[in-house]
Every structure is written in structure tokens, then in C-alpha cells.
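Undergrad: Protein chains in written order, with this note's numbering: chain A, 317 to 431; chain B, 110 to 218.
Cβ coordinates follow ideal geometry from the N, Cα and C atoms, glycine included.
(1) Figure out for me which residue from A:431, A:368 and A:360 has the closest Cα to the Cα of residue 402 of chain A.
(2) Please tell me whether residue 361 of chain A has its Cβ less than 8 Å away from any Cβ of chain B.
(3) Note down, in chain order, all residues in the region 372 to 403 of chain A with a beta-carbon under 9 Å from any beta-carbon belonging to chain B.
(4) Mind pulling the beta strand (DSSP E) runs of 3 or more residues that sit fully within the region 124 to 167 of chain B?
(5) Is residue 392 of chain A helix, strand or coil by DSSP?
(6) Got a sec, what are the start and stop residues for the beta strand (DSSP E) residue 429 of chain A sits in?
(7) Could you say if the region 127 to 144 of chain B and the region 175 to 184 of chain B meet the contact criterion of at least three C-beta pairs nearer than 8 Å?
(8) From B:207, B:192 and B:164, pick the residue whose C-alpha is nearest to that of residue 120 of chain B; which is it?
(9) Could you confirm whether any beta carbon from chain B is found closer than 8 Å to the beta carbon of residue 424 of chain A?
(10) Determine the closest residue to residue 169 of chain B out of B:213, B:163 and B:126, with distance taken between C-alpha atoms.
(11) Kindly give me the distance between the Cβ atoms of residue 378 of chain A and residue 331 of chain A, rounded to whole angstroms, as I take these residues to be in contact under 8 Å.
Given below as C-alpha cells:
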């Protein structure tokens, strides 16, 4: 158990809909990262927040947005969903601000299926 | 484009054989991390390398960081079925970080 929690575990929705994925980081971690992993693919970095502010941006679509709240939990909002958005979405957390320098702890992921 | 290339994409070995995966960056890295993702699981941190030419060992796993800090390797000696999974490198180039595409290791008993 990494200490990072993600809800829901599974999500099935239709094209055009909007969903929100939730992540609670490990206690004490200030950075939250979001990743997308399509079937048998690598990890695509979407976005990082540090202590409530956007820190780094990856290949995040304009239809996707995220935020980190004062209690440090984070939400990833996916809108106008398309079939190609079906994937496993991981949240990770780390203690520090510098993205690639601190060990990242990954949550169990949310499996999103768009039908 | 892709800043950290990882090869091979797949590797099938017989239990007891060795395995190596390589990561190469087009730019100098400040550090590199390695993660393992078991089938159906989430990535788990293995190790971080920071110094030029650094070599670290964890039991049967040996991690190396190149002298120019542009490449790294993970070598597993005498693979076991518990080594099955996908191994990812994460390279940080002082400003951005990049995950390699991963090497999926299958070990036949």
C-alpha cells in the first residue's frame, strides 16, 4: 500500500460525458501528479500540482483539467469524453516540488471505460 | 517528442537467464529513477541514480548511470518469475521529467 488513494476504482461512462477522478496523496506529500496509461502503453504525464499550484504540464488535452485543494487532495476532470480516453489514470504523490527528483508513490489507479 | 528512449519494448526470457533494459536521453539528465509495474498493478519506485557513472545494486538488480548522464541501464541476474512486469525509467533534465516507454519482461518458468 503506497498510501495514495484514488476513487473510484472503475468508471464506465458514455461518449460526450464528463467525469471527475479523485486522488488523496500520501500524508506529508505536497506534490500530486496525474498520468494516463492506455492498454499496454507507457505512462503519459498529464499534470503536476505542488501545494495547490500547477507546477508542470505534460500532454494534457484541453478537455482535461485538474486542481489541488487546500487539503492537498486533487481532482482530474475529463469532459466531452471520447472512446480514446478509455485508459487507466494514475495519481502519484511526492514530498518535493522538483518533479523528477523525488520518489513518486503511485495510487492503484482509476480504470475509465468510455462506451 | 520523446526525450527518453527505452529498449527493448519486450523481452521474453527463460527463468535463470539475465535481462537488461536500457534508457537513453538526448539531453543530459540530472538524475534517473527506475520503477517496476507488476501486471495489473501500479508503478513502484525501485531506485534513483544521481552521480555520473553511479552503480547501485539491489540483490539481483544492478542499476547504472552513464558517465555522460545520458543513459542508464537495469540488469537483472538470473531472472525469477517474480521479476515479471514492466520496468520504466524516469529521467529528469533539470526542468522537465520524462518516463521511458517501458520494457515488458516475461519470464518463463
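TA: Once the coordinates are examined:
(1) Looking only at A:431, A:368 and A:360, the smallest Cα-Cα distance to residue 402 of chain A is reached by A:431.
(2) With 8 Å as the cut-off, residue 361 of chain A counts as an interface residue toward chain B.
(3) Those residues of the region 372 to 403 of chain A that come within reach of chain B (Cβ to Cβ, closer than 9 Å) are 372 and 374.
(4) Complete beta strand (DSSP E) runs here, min 3: 128 to 134, 140 to 146, 152 to 158 and 164 to 167.
(5) Residue 392 of chain A carries a strand assignment under DSSP once its states are collapsed to helix, strand and coil.
(6) That run of the beta strand (DSSP E) goes 426 to 430.
(7) With contact defined as three or more Cβ pairs closer than 8 Å, the region 127 to 144 of chain B and the region 175 to 184 of chain B are in contact.
(8) Per the Cα distances, B:192.
(9) Flagged as an interface residue toward chain B: residue 424 of chain A, by a C-beta distance shorter than 8 Å.
(10) Ranking the options by Cα distance to residue 169 of chain B, first place goes to B:126.
(11) Beta-carbon to beta-carbon, residue 378 of chain A and residue 331 of chain A are separated by about 17 Å, too far to satisfy the 8 Å threshold.
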